[in-house]
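This report refers to the structure that appears directly beneath it.
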Amino acid sequence: MTNRIFIDAPSGVIELEGENDFIEAHLKKLLPLIEACGLGRGAPVGDREGGTEGNPDSSADSSAAGPSGEAKRTKRTSRPPKGQSCADRIMVLRDDGFFKEHQTPSQIVEGLAKHGWTHNSNQVSAAAGNMFTRGDIQRTKKAKGFAYFWDRG
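So in numbering that gives the first Met the number 0, spot 136 of the sequence shown is number 135, and the numbers just go up one at a time.
Shown next, in the form of structure tokens:
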């Protein structure tokens with residue numbers, strides 16, 4: 000007689016079909032693997048319809064019981080605050096009057112370093128190019144590349 004086992008440990012879907020000895024042998028091998036990889040620790044399928052699916056702040060362990068029988072509380076993860084970008088720092092140099100004379104990207108890197116900001120010339124070139132497109136800085140063609148300046152305001 001064939002037996003059939005269907006396990007849907009929240010959508011991990013394991014299906015076994017065969018003789019009783021076959022099912023028992025494979026189930027003994029699979030159960031430790033299922034427990035080790037955490038299948039079945041999440042909320043039951045009926046509870047997922049409430050909208051927690053796809054929410055990056057919800058944790059799979061939030062429904063697991065703690066030592067006192069209460070649900071474990073997990074700290075919400077949030078992104079760290081963003082610092083100033085390379086373009087923001089170049090704007091600080093512009094406001095300080097650094098661009099009264101034409102400056103190459105390597106000179107801008109040195110100017111940023113005097114303020115303690117480390118950027119390489121590729122980052123500075125990309126940021127300055129975008130700033131030029133937005134109209135935040137002016138540029139002129141030099142022998143091998145561009146020089147940036149600001150003579151307005």
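Think of the CB as a built atom: it goes at the ideal place given N, C-alpha and C, for glycine as much as any other residue.
If you're wondering where the values come from, they're calculated on a predicted model, not measured in any experiment.
8 Å contact criterion, which Asp140 and Thr103 should meet: CB distance rounded: The sequence shown places Lys at residue 140, not Asp. Between Thr103 and Lys140 the Cβ distance is about 12 Å, and since that is not below 8 Å, they are no contact.
Reference Asp7, options Met90, Glu23, Leu30, Asp20, closest by Cα: Leu30
Using the beta-carbon count (16 or more within 10 Å), is Arg93 buried or exposed? buried
Kindly indicate which residue of Gly11, Asn119, Ile136 has the alpha-carbon position closest to the one of Leu32. Gly11
On a CA-only basis, which of Asp87, Phe145, Glu100, Leu111 is nearest Asp135? Give me that one, please. Asp87
Over what stretch of residues does the beta strand (DSSP E) that includes Arg3 continue unbroken? 2 to 6
For the alpha helix (DSSP H) holding Ile89, just list the boundary residues, first then last. 85 to 94
Measure the Cβ-Cβ separation of Arg138 and Tyr147 and say whether it is below 9 Å. yes
Tell me, which residues are paired with Arg138 by DSSP? Tyr147
With DSSP collapsed to three states, give me the class of Gly82. coil
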